[in-house]
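One structure is given below, encoded as structure tokens.
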Amino acid sequence: MSPDEKLAALGLTLPPVPKPLANYVPYKRAGELLYLSGQGPRRADGSMVTGKVGADVSTKEAYAHAKLVGLGLLAAMKDAVGDLGKIEVIKVLGMVNGTPEFAEQPAVINGCSDLFVEVLGDKGRHARSAVGMGSLPGNITVEIEVICRILQ
Amino acid sequence: MSPDEKLAALGLTLPPVPKPLANYVPYKRAGELLYLSGQGPRRADGSMVTGKVGADVSTKEAYAHAKLVGLGLLAAMKDAVGDLGKIEVIKVLGMVNGTPEFAEQPAVINGCSDLFVEVLGDKGRHARSAVGMGSLPGNITVEIEVICRILQ
Amino acid sequence: MSPDEKLAALGLTLPPVPKPLANYVPYKRAGELLYLSGQGPRRADGSMVTGKVGADVSTKEAYAHAKLVGLGLLAAMKDAVGDLGKIEVIKVLGMVNGTPEFAEQPAVINGCSDLFVEVLGDKGRHARSAVGMGSLPGNITVEIEVICRILQ
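Residue numbers (our numbering), protein chains in the order written: chain A, 1 to 152; chain B, 1001 to 1152; chain C, 2001 to 2152.
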């Protein structure tokens, strides 16, 4: 199955790529590398999922938010190169808006990592850091940025 | 106008590039990529701007600090390649020393992003994450690191 | 002396590279760049060093933890390319699990930077950010991720 077919089999639809409101862009290419701007968990209606993980939000809920972020990142990848079959994920920085005591960042960011491997297969496997932030824009629960390689 | 002429028209002067006091360097090149070390807001007298954004420091004040960081980053870029006309900004990681509730990181980091586009034009547009840290060195308000591409 | 000889002279032994338990990998290559996943301070018995720097843990103790992380990162580099003589360190992101007031992140991350230069010489010097996180996985004291260049 192609990545598009896998998305369909999972019942997932890529969202539109949001237009940034400032002097930055959703992604930028440098040679074969594609740098994606950090994204948050955007619902289908355009609203963002907010809250502190470990207080208002459970690890399991935040896993679903990270998956939602991953879907937005896949949409940006497809927008950038036209075909997800040309994408290899290289590096993920997963940032969780947790309490100072929150300790399950990897279990949250797995929501994104698992989606990448489900959709892209082995090319979705990546180096990763999953860490806890002091705060995030608009109090979103999770923000993830990614570096990909564009296959010829 | 060249980037140097734009800086002059904006009334801005590039500061000296501070010498790191440890086993790291202000920037490092890998092929056509140039990685800049994270910088903080350094005043012309060499002192750093400190405080927690959202408590001691407003978003508007922190925007000015991010612009100050951007000026130091432009200085490092010029030091690395000699001519800002050869620089394309690829990726910005903007880190704000905010309270746990602070939510306006993008409005802060715009201070740096706007400067890059004012000085470098479209080559200043970049992929970006703007996030909140738990703490920063010496309690500086903002730290920003950048990846550039060196144009031939 | 080769990097392996320097490690021996320092009385240091590279630990095994831990197998990630999820859909990510300890390192991933893209062209001449090698991206290492974030690592924490893993003791020889496999347990992790935990605590909040600035509260439970001193800067001097955390310097030793960052050195321990650096040793694990050198192990991943060697696992990836077979010979540490082929490695140039390009970029370090040093993340400290500190209190909101903690301000000595650079002094902590020097533990890793110093080790890289001791073992790899000038090829160990790197661009760097050393910053404070809100929280880290399993409450580890330090997490560090690295980008290297593979020399031909």
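From the three backbone atoms N, C-alpha and C, an ideal C-beta is built for every residue, glycine too.
- Residue 2044(C) is classed as exposed because its beta carbon has fewer than 16 other beta carbons within 10 Å across all chains shown.
- A Cβ of chain A is located within less than 8 angstroms of the beta carbon of residue 2025(C).
- Taking the beta carbon of residue 110(A) as reference, the chain C residues within 8 angstroms of it are 2022 and 2023, listed in sequence order.
- Straight across, the Cα-Cα distance linking residue 4(A) with residue 2033(C) is about 29 angstroms.
- The contact set of residue 2031(C) on chain A, defined by CB atoms closer than 9 angstroms, consists of 31, 32, 33 and 149 in chain order.
- If you check the CB distance, residue 1090(B) and residue 1147(B) come in under 8 angstroms.
- Runs of the alpha helix (DSSP H) lying entirely within the segment 2037-2121 of chain C and spanning at least 4 residues, in chain order: 2059-2081 and 2105-2120.
- Checking the DSSP bridge columns, you'll see residue 1(A) has no partner listed.
- Within the same chain, 107, 108, 110 and 111 come within 8 angstroms of residue 63(A) by CB-CB distance, once the 5 residues on both sides are set aside.
- Note that the C-beta distance between residue 2037(C) and residue 127(A) is below 8 angstroms.
- In the DSSP assignment, residue 1125(B) forms no beta bridge with any residue.
- Separation of residue 1135(B) and residue 75(A) (C-alpha to C-alpha, rounded to the nearest whole angstrom) is 33 angstroms.
- For the segment 2097-2109 of chain C, the residues whose beta carbon sits under 9 angstroms from a beta carbon of chain B are, in order, 2097, 2098, 2099, 2100, 2101, 2102, 2103, 2104, 2105, 2106, 2107 and 2109.
- The beta carbons of residue 103(A) and residue 2139(C) sit about 5 angstroms from each other, so the pair counts as a contact at 8 angstroms.
- Of the residues 2122(C), 2069(C) and 2084(C), the one whose Cα lies closest to the Cα of residue 2049(C) is 2069(C).
- By the criterion of a C-beta distance shorter than 7 angstroms, residue 10(A) is surrounded in its chain by 118, once the five residues flanking it on both sides are discounted.
- The beta carbons of residue 1088(B) and residue 1151(B) sit about 6 angstroms from each other, so the pair counts as a contact at 8 angstroms.
- For residue 1016(B), the closest Cβ of chain C is not nearer than 8 angstroms.
- For residue 145(A), a Cβ of chain B is located within less than 8 angstroms of the residue's own Cβ.
- At a cut-off of 8 angstroms between C-beta atoms, residue 1036(B) counts as an interface residue with respect to chain C.
- Within 10 angstroms of the beta-carbon of residue 1028(B) lie 16 or more other beta-carbons, which makes it buried.
- Residue 2(A) counts as exposed, since fewer than 16 other beta carbons sit within 10 angstroms of its beta carbon.
- In the DSSP assignment, the residues bridged to residue 1143(B) are 1095(B).
- The straight-line gap separating the alpha-carbon atoms of residue 86(A) and residue 78(A) is approximately 9 angstroms.
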